[in-house]
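Numbering-wise (UniProt numbering), the sequence shown opens with residue 1 and increments by one.
Positions of the beta carbon are idealized from the N, C-alpha and C atoms, including for glycine.
Quick caveat: nothing in here was measured; it's all calculated off a predicted structure.
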Amino acid sequence: MKEDASKSSDQVDTPQIPPRKHSLSDHTLGKDLRSTRTGQRQNRGMRTRLGCLSHKSDSCSDFTAILPDKPTRALKRLSTEEATRWADSFDVLLTHKYGVAAFRTFLKTEFSEENLEFWLACEEFKKIRSTTKLAAKAHRIFEEFIDVQAPREVNIDFQTREATRRNLQEPSPSCFDQAQGKIHSLMEKDSYPRFLRSKIYTDLLSQTQRRLS
1 MKEDASKSSD
11 QVDTPQIPPR
21 KHSLSDHTLG
31 KDLRSTRTGQ
41 RQNRGMRTRL
51 GCLSHKSDSC
61 SDFTAILPDK
71 PTRALKRLST
81 EEATRWADSF
91 DVLLTHKYGV
101 AAFRTFLKTE
111 FSEENLEFWL
121 ACEEFKKIRS
131 TTKLAAKAHR
141 IFEEFIDVQA
151 PREVNIDFQT
161 REATRRNLQE
171 PSPSCFDQAQ
181 GKIHSLMEKD
191 SYPRFLRSKI
201 YTDLLSQTQR
211 RLS
């Protein structure tokens with residue numbers, strides 16, 4: 001009994017501190033902070049890419065700002081006639097390097113550039129001759145643009161998505177034709193007319209005309 005008493009007296013009770021429970025407000029605050037940081041990065045990127053759209057100045061007084069390459073002699077010689085032809089048809093626009101670049105910049109303002117990127121990816125896909133490379137590229141395109149919740153998912157119907165999925169079982173240069181056609185039609189009927197009315201396009205035309213005067 002004495003031994004038990006000695007052990008009892010030597011022991012010091014250490015208070016147990018319960019673990020801190022994260023409240024809903026803590027979770028919300030963390031989420032808000034992450035969202036704010038992400039939004040700030042996106043805003044900085046948009047300001048960099050779309051600085052020519054400022055309403056306080058000529059939105060594209062230097063139209064080279066919206067194009068992919070550094071200004072070159074060929075780029076500076078873009079004529080009013082060439083830029084005007086982009087309005088002839090959507091397909092004419094898609095055949096012109098700088099027309100595609102201007103249209104891409106416009107789509108970014110509407111957060112729908114994935115449609116054009118998918119269409120362009122399909123065009124490059126059709127040029128692949130290696131069967132092995134074709135199959136690998138087909139799966140990458142599907143996972144990036146077509147699959148449900150793909151990182152750059154395009155707006156196509158369920159039937160088209162599933163038909164394309166079946167095509168992947170035996171990939172061929174035409175396995176995306178149906179989906180590509182849907183997206184082409186969507187851009188042609190929806191985004192393309194708005195592009196022709198946009199400040200990006202009208203300012204670009206004005207810039208080429210001023211160089212002639």
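Item                                                                                                                                                                                  : Value
For the alpha helix (DSSP H) that contains I183, what are its first and last residues?                                                                                                : 177-186
If you run the structure through DSSP and keep just helix, strand and coil, what is R165?                                                                                             : helix
Classify H139 as buried or exposed, calling it buried when 16 or more other Cβ atoms lie within 10 Å of its own Cβ.                                                                   : exposed
Please work out which residues of its chain come closer than 6 Å, Cβ to Cβ, to K182, disregarding the five sequence neighbours upstream and downstream, and give them in chain order. : I156, T160
Please classify D91 as buried or exposed, where buried requires at least 16 other C-beta atoms within 10 Å of its C-beta.                                                             : exposed
What first and last residue would you give for the alpha helix (DSSP H) that runs through Q149?                                                                                       : Segment: none, Q149 is in no alpha helix (DSSP H) and carries neither H nor E.
Can you tell me whether F103 is buried or exposed? The criterion is at least 16 other CB atoms within 10 Å of its CB, across all chains shown.                                        : buried
Taking C-alpha atoms, which residue in L93, E82, F106, S89 lies nearest to R194?                                                                                                      : F106
Tell me, to the nearest whole angstrom, how far the beta carbon of C122 is from that of F176; I am working on the premise that it is less than 8 Å.                                   : 5 Å
Please classify V154: does DSSP put it in a helix, a strand, or coil?                                                                                                                 : coil
Applying the criterion that 16 or more other CB atoms from any shown protein chain within 10 Å of the CB defines a buried residue, is G114 buried or exposed?                         : What sits at residue 114 in the sequence shown is Glu, not Gly. Under this definition E114 is a buried residue.
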